[in-house]
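In this note's numbering, the protein residues as written are 395 to 552.
By construction, the Cβ of each residue, glycine as well, lies at the ideal position given by its N, Cα and C atoms.
Heads up, the thing below is written out as structure tokens.
Structure (structure tokens):
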């Protein structure tokens with residue numbers, strides 16, 4: 395489970411320990427390198443802890459978590475690349491399981507707005523890189539370039 399907030403890691407860990415009936419693991423920016431390595435090794439064991447709660451920034455790079463069968467984004471991050479990088483911790487060489495990715499979104503909250511923003515960013519990237527072909531901004535026509543950056547006041551709510 396990934397979260398962007400260090401402060402929620404302990405309450406999440408406590409709740410999940412009650413659900414699973416045994417403790418799990420937690421990793422955040424204050425976790426030392428040696429301890430970090432030990433936590434990952436413990437999680438990767440077949441009899442390892444049932445869950446791992448990680449801060450998005452501390453857990454988003456340099457980890458192989460192929461023992462994971464679920465990746466949960468407890469709260470959304472503005473940058474889809476950061477979330478994707480965290481999700482990729484489970485999709486590493488040696489992964490033998492299907493991995494299900496869950497993204498918690500509460501209606502009417504900032505998470506819903508972040509989700510919409512991420513979706514729009516992904517759509518824009520898809521439009522620019524459609525069919526695996528990279529579109530170079532320098533090759534766009536003047537009209538296409540203006541369309542890309544033009545403010546749509548009907549959608550912007552101005």
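- Rounded to the nearest whole angstrom, the C-alpha separation of residue 511 and residue 419 is 31 Å.
- The Cβ atoms of residue 482 and residue 505 do not sit closer than 8 Å to each other.
- In chain order, 418, 420 and 447 place their CB closer than 7 Å to the CB of residue 407, counting only its own chain and leaving out the 5 sequence neighbours on each side.
- Ranking 497, 444 and 473 by CA distance to the CA of residue 467 puts 497 first.
- Under the three-state reduction of DSSP, residue 409 is assigned to helix.
- Ranked by how close their Cα comes to the Cα of residue 462, the residues 444, 477 and 449 have 444 in first place.
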